[in-house]
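**Student:** The sequence shown maps to residues -22 to -1, 1 to 418 in mature numbering (1 follows the signal peptide of the UniProt record, and there is no 0).
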Amino acid sequence: MRKILTVSVALCCLLLPIPGQAEDDQLGQLLDDRKRPPEAVPVPVVPSLPQVQTRPDPGAPQVRSRPSLLLPPVREALPEEAPAVEVDTTGLWFLIRRGDLAAARADLMRLRRQNPAWSPPVDLLTALSPPERGPAVASGSRPAESAARAEARGWQALAAGQPDQARRWFTQAGASLSAREGLGRALVALDDLAAVRGLVAATPVLAARLAEAALGRALDGIDAGDGLFLSRDRLALATELGRAEAWETAGWRWLGQGLPGPAAAAFARAGDGENARFGQVLAERAQGRADIAEDLACRGTTLSARLAAACADALADRQLAAYQAGDYSAVLALAERISQTAPDRRGPQELKAWSLLRLNRPAEAADLFDRLYAATPTPALARALAQSLTAAGRGAELRQRAAAGDRLLAGIVHAQGVATAWGRKQFDLAARHADALLSD
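1. What separation, rounded to the nearest whole angstrom, lies between the Cα atoms of VAL309 and LEU337?
2. Are ARG221 and ALA192 touching if we call contact CB-CB under 9 Å?
3. Mind checking which residues open and close the alpha helix (DSSP H) that includes PRO321?
4. Measure the beta-carbon distance from ALA254 to GLY236 and round it to whole angstroms, keeping in mind my assumption that it falls under 8 Å.
5. Do the stretch 208 to 221 and the stretch 178 to 193 meet, that is, are 3 or more Cβ pairs less than 8 Å apart?
6. Cβ of ARG339 less than 9 Å from any chain C Cβ?
7. Might you give, ordered along the chain, the residues of its own chain that have their beta carbon closer than 8 Å to the beta carbon of ILE316, omitting 5 neighbours on each side?
8. Can you tell me where the alpha helix (DSSP H) with GLU226 in it begins and where it stops?
9. At what residues does the alpha helix (DSSP H) containing PRO280 begin and finish?
10. PHE347 to ALA360, Cα distance in whole Å?
11. Between which two residues does the alpha helix (DSSP H) holding ASP201 run?
12. Around the C-beta of PHE148, are 16 or more other C-beta atoms found within 10 angstroms, so that it is buried, or is it exposed?
13. Count the other CB atoms within 10 Å of the CB of VAL391; is the residue buried (16 or more) or exposed (fewer)?
14. In whole angstroms, what is the alpha-carbon distance linking PHE207 and ARG277?
15. According to DSSP, simplified to helix, strand and coil, what is PRO98?
16. Between the C-alpha atoms of PRO20 and ALA153, what's the straight-line distance to the nearest angstrom?
17. Answer yes or no: do ALA275 and VAL259 have a C-beta to C-beta separation smaller than 9 Å?
18. If we ignore side chains and look at the alpha-carbon of each, how far apart do LEU363 and GLY251 end up?
19. With DSSP run on the structure shown, which of helix, strand or coil describes GLY205?
20. Do PRO98 and ARG91 have their CB atoms nearer than 9 Å?
21. Quick check on DSSP: helix, strand or coil for LEU168?
22. With a threshold of 16 other CB atoms inside 10 Å of the CB of ARG88, please say whether the residue is buried or exposed.
23. Please classify PHE256 as buried or exposed, where buried requires at least 16 neighbouring CB atoms within 10 angstroms.
24. Enumerate in chain order the residues of its own chain whose CB-to-CB distance from ALA287 is below 8 Å, with the five nearest sequence positions on each side excluded.
25. For VAL65, which three-state DSSP category applies?
26. Under a three-way DSSP split, which group does THR354 fall into?
27. From THR227 to ALA261, what does the alpha carbon distance come to, in whole angstroms?
28. Return the chain-ordered list of same chain residues with a C-beta closer than 6 Å to the C-beta of PRO238, the five sequence neighbours on each side being excluded.
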């Protein structure tokens, strides 16, 4: 009998948390409470005296025998007893898996205060106890950890950034779905991508969850500056397991870090979606490859307004470069393309009008400047209109419009009169034009 008692005490000690902070002591006490039958007082063992057989009290709670000392005793409910208290512990397990044990312990205390009759399960208390160094190897003198305890330790190690230790715990935990998921996440963290693929092939339901883990691993690696080849392998795994947006997400992450080269390559592998195409336009433009950016944007003008605007921007940049180079015919052709994509843009039309004037087509230039001036009467457009009307031999029309009350054109006419009269030494006429100009 003493030998049995000694083994029981030793096994119970294995389940107690390591001494530490006050919260750990409380959890250890809770574990101890869960191992003792409710309302039952231990009977001391006296080996030298015969045991006295007593009739059990029919009103006392009965304790059912358990198959293993590693499991807590199960109390058989009397018919008149209230049902066991059900408490939602999903939030607690979320905090445990995230590694925030302090918050989890505080939430456990809150739940116990709100539910005095509730007894937390052993696996929950075990997960909240301090971590051990690693899973024990089963031997004749020490039994293996229970599956629930091993799995809880696995999640704890994974949250603590110890994936190799977590893999050993989850391997010991057995073949439950949650243990398989934990093993897969540990393998992802260890970059054992072939093992991840094998695990998913054996348990296809894990694909979506491990795809999320693979994408998170890839993005963390990008932030940490991991090599491009390793990041691409992780992204390929995430895509293969079902995260179709993995390349696009990584492209934006690289672009935000000022790495347009990897970003452009990632966007190119992301497919033909609008968001990925726009990201590739920005990445190519950041690399100075304006021709590729223009082609991508202009082939996607029907996908979104911002791609249409990006196309118009690229064409406008090329049009300005052509005008500065004196290639006025190219300016006219680009103006037509821009008008189809962004008809409300005025800058390309002004360059077109000036190019018509440079190509000795003043009448066409005057008509275009007239339309632009009617829409937005600015001093610059007034001067351009006056110059084109004069070059087209329509000076009388200019003076007529000035006399009709157009103050901007009138000022230009008087300024022209001052210059002409002064050149002809008609000083009185020049003075009258100057007075009129000042009065305006």
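Glycine included, C-beta positions come from ideal geometry on N, C-alpha and C.
**Tutor:** Well, looking at it:
1. Indexing the sequence shown from 1 puts residue 309 at position 331. Indexing the sequence shown from 1 puts residue 337 at position 359. Computed Cα separation, rounded: 11 Å.
2. In the sequence shown, counting from the first residue as 1, residue 221 sits at position 243. In the sequence shown, counting from the first residue as 1, residue 192 sits at position 214. Contact: yes.
3. Here residue 321 refers to the residue found at position 343 when the sequence shown is read from its first residue. From DSSP, PRO321 is part of no alpha helix (DSSP H); its letter is neither H nor E.
4. Here residue 254 refers to the residue found at position 276 when the sequence shown is read from its first residue. Here residue 236 refers to the residue found at position 258 when the sequence shown is read from its first residue. Contact doesn't hold; Cβ gap of about 19 Å is too wide.
5. yes
6. No chain C appears in this structure, which consists of one protein chain only.
7. Within the sequence shown, residue 316 is the residue found at index 338, counting from 1. Excluding sequence neighbours, ILE316 sits near ALA290, LEU293, ALA294, GLN297, ARG323 and PRO326.
8. As a working note, residue 226 is residue 248 in the sequence shown. Under the DSSP assignment, GLU226 falls in the alpha helix (DSSP H) whose first and last residues are 224 to 234.
9. As a position in the sequence shown, residue 280 is number 302, starting the count at 1. According to the sequence shown, residue 280 is Thr rather than Pro. Run containing THR280: none; DSSP gives neither H nor E here.
10. By one-based count along the sequence shown, residue 347 stands at place 369. By one-based count along the sequence shown, residue 360 stands at place 382. C-alpha separation (whole angstroms): 8 Å.
11. Counting from one through the sequence shown, the residue named residue 201 turns up at place 223. Where ASP201 is concerned, the enclosing alpha helix (DSSP H) stretches over 185 to 202.
12. Counting from 1 along the sequence shown, the entry for residue 148 is found at position 170. Counting Cβ neighbours within 10 Å, PHE148 comes out buried, since at least 16 surround it.
13. Here residue 391 refers to the residue found at position 413 of the sequence shown. Buried, because 16 or more other Cβ atoms sit within 10 Å of the Cβ of VAL391.
14. Taking the first residue of the sequence shown as 1, we reach residue 207 at position 229. Taking the first residue of the sequence shown as 1, we reach residue 277 at position 299. Cα atoms of PHE207 and ARG277: separation of roughly 30 Å, rounded to the nearest angstrom.
15. Residue mapping note: residue 98 aligns to position 120 of the sequence shown, counting from 1. Three-state result, PRO98: coil.
16. By one-based count along the sequence shown, residue 20 stands at place 42. By one-based count along the sequence shown, residue 153 stands at place 175. Legend: pLDDT at PRO20 = 45, less than 50; position of this residue unreliable, value from coordinates given subsequently. A straight line joining the alpha-carbon of PRO20 with that of ALA153 spans about 37 Å.
17. What you label residue 275 is simply residue 297 of the sequence shown in a count that begins at 1. What you label residue 259 is simply residue 281 of the sequence shown in a count that begins at 1. Going by beta carbons, ALA275 and VAL259 fall inside the 9 Å limit.
18. Working through the sequence shown from its first residue, we reach residue 363 at position 385. Working through the sequence shown from its first residue, we reach residue 251 at position 273. Spanning the two alpha carbons is a distance of roughly 45 Å.
19. Taking the first residue of the sequence shown as position 1, residue 205 is located at position 227. Three-state result, GLY205: coil.
20. Sequence index remark: in the sequence shown, residue 98 carries index 120 (1-based). Sequence index remark: in the sequence shown, residue 91 carries index 113 (1-based). Cβ distance not < 9 Å, so PRO98 and ARG91 don't count as in contact.
21. The residue given as residue 168 occupies position 190 in the sequence shown. Reduced to three states, the DSSP call for LEU168 is coil.
22. Residue mapping note: residue 88 aligns to position 110 of the sequence shown, counting from 1. It counts as exposed.
23. Locating residue 256 in the sequence shown gives position 278, counting from the first residue. Classification for PHE256: buried.
24. Stepping through the sequence shown from its first residue, residue 287 is reached at position 309. Within the same chain, Cβ atoms closer than 8 Å to the Cβ of ALA287 are found at ALA320, the five residues on either side in sequence being excluded.
25. Working through the sequence shown from its first residue, we reach residue 65 at position 87. Here VAL65 sits in coil by DSSP.
26. On the sequence shown, residue 354 is found 376 positions in, with the first residue counted as 1. Note: THR354 maps to coil in three-state DSSP.
27. Within the sequence shown, residue 227 is the residue found at index 249, counting from 1. Within the sequence shown, residue 261 is the residue found at index 283, counting from 1. Those two C-alpha atoms are separated by around 14 Å.
28. The sequence position of residue 238 within the sequence shown is 260, counting from 1. Same-chain partners within the cutoff: ALA261, ALA264 and GLN265.
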